[in-house]
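Protein chains in written order, with the working numbering: chain A, 107 to 286; chain B, 18 to 143.
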């Protein structure tokens, strides 16, 4: 009995070790690519500095991994996410124009309101995307995140605001890959 | 010919980006209280920054600098709303309550501020 658990334990440890190695190599490649992209100088000295800092960062990251073992996986559907970003850009343009009109109009017709918006995302990443999308569109700011709903502050609250936010919520949920 | 076209387009983008940055500043000055000013500032944050960076990318042409500008844009897309949320949340937690609509239900989390009567009057006027 004990030997069996031992074997499965060692198997698990081997699997996590392999995972660590894959992630270390991935981090190294990513950091090196970022350095080459950002520096744009390909002299030996600069490349040496780059290699040294990449190694240092990887070492520190490995030690941090050993300390807190925090796993972070991005589960997004890439093509729907790009489509969502384009849709969001259009929304940002529209609401920018709306708020600009309010600022430039002599009377400044604002109806401020703080209200709750339900959110249906399963993952924290999805909730972050939804809350940041709300804040990115001028005229609405996500103020507080609570279990299952956000508190949103609107500059010019209209009756169709809730529908617009529910639409955005559904779109973010469609992009969100969900819990694995 | 092509170069002039790209130049004209990039100048349109940069000038309109500057326009929105100035609009954001004007709104920050004109709006009555903290919460509405936050909304005005987010205009220069979103439209101003996006248009300016797109215009600069056209000026830079395809290459390393354009990629760097794109990366700056992506970072600003993540950090901008996060910092706005942090400021708004700090205000809410420290007790600064936004002005509510007269029709808003009482007893919710967002209770009216003590000087609600003043604000109510202004709200009715609009």
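Backbone N, C-alpha and C define an ideal beta-carbon position, used for all residues, glycine too. Treat the numbers as computed from the prediction; the structure is a model and nothing was measured.
Whole-angstrom C-beta distance between residue 34/B and residue 69/B, which should lie under 8 Å: Between residue 34/B and residue 69/B the Cβ distance is about 4 Å, and since that is below 8 Å, they are a contact.
Contact with chain B by residue 218/A, beta-carbon distance below 8 Å: Flagged as an interface residue toward chain B: residue 218/A, by a C-beta distance shorter than 8 Å.
Given residue 27/B as reference, the closest of 102/B, 75/B, 90/B and 108/B once Cα atoms are compared: Answer by Cα proximity: 75/B.
Same chain, Cβ closer than 6 Å to residue 246/A, five either side skipped, listed in chain order: Only residues of its own chain outside the window of five on either side were considered, and among them 240, 258 and 260 have a CB closer than 6 Å to the CB of residue 246/A, listed in chain order.
Separation of residue 71/B from residue 81/B, as counted between CA atoms: Their backbone Cα atoms lie some 14 Å apart in a straight line.
6 Å CB neighbourhood of residue 100/B in its chain, flanking five on each side removed: No residues qualify anywhere along the chain.
The segment 207 to 218 of chain A in contact with the segment 44 to 56 of chain B per 3-pair CB rule at 8 Å: The segment 207 to 218 of chain A vs the segment 44 to 56 of chain B: in contact.
Within 8 Å, strictly: CB atoms of residue 198/A and residue 229/A: For residue 198/A and residue 229/A, no; Cβs fall outside 8 Å.
With 16 other Cβ atoms within 10 Å as the buried cut-off, status of residue 191/A: Classification for residue 191/A: exposed.
Which residues DSSP lists as bridging residue 95/B, in chain order: None; residue 95/B has no bridge partner.
Euclidean distance between Cα positions of residue 182/A and residue 249/A: Counting only the Cα atoms, residue 249/A lies some 25 Å from residue 182/A.
Sub-8 Å separation of residue 110/B and residue 55/B beta-carbons: By the CB criterion at 8 Å, residue 110/B and residue 55/B fall outside the cutoff.
Residue 274/A burial status per 10 Å Cβ neighbour count (16 or more: buried): Under the 10 Å beta carbon count, residue 274/A is surrounded by 16 or more other beta carbons and is classified as buried.
Which of helix, strand or coil DSSP assigns to residue 121/B: In this prediction, residue 121/B scores a pLDDT of 48, lower than 50, which makes its location untrustworthy; the coordinate-derived value is nonetheless stated afterwards. Three-state DSSP puts residue 121/B in coil, outside helix and strand.
8 Å Cβ cutoff met for residue 237/A and residue 256/A: For residue 237/A and residue 256/A, yes; Cβs fall inside 8 Å.
Contacts that residue 209/A makes with chain B (C-beta to C-beta distance below 7 Å): 40, 43, 44, 47 and 57, listed in chain order.
Residue of 78/B, 73/B and 36/B minimising C-alpha distance to residue 61/B: Of 78/B, 73/B and 36/B, the residue nearest in Cα terms is 36/B.
Straight-line Cα distance separating residue 67/B from residue 129/A: Those two C-alpha atoms are separated by around 33 Å.
Whole-angstrom C-beta distance between residue 156/A and residue 141/A, which should lie under 8 Å: That belief holds up - the Cβ atoms of residue 141/A and residue 156/A are roughly 4 Å apart, short of 8 Å.
Near-chain B residues of the segment 231 to 256 of chain A (beta-carbon distance less than 7 Å), N- to C-terminal order: Sequence-ordered contacts of the segment 231 to 256 of chain A with chain B read 237, 238, 241, 242, 244, 245, 247, 248, 249 and 250 [C-beta pairs closer than 7 Å].
Closer than 8 Å to chain B by CB, residue 152/A: It does not: the Cβ of residue 152/A has no partner Cβ on chain B nearer than 8 Å.
Listed by chain order, chain B residues near residue 146/A by CB distance under 7 Å: Those within 7 Å of residue 146/A in chain B are 81.
Short CB-CB distance (under 8 Å) between residue 135/A and chain B: With 8 Å as the cut-off, residue 135/A does not count as an interface residue toward chain B.
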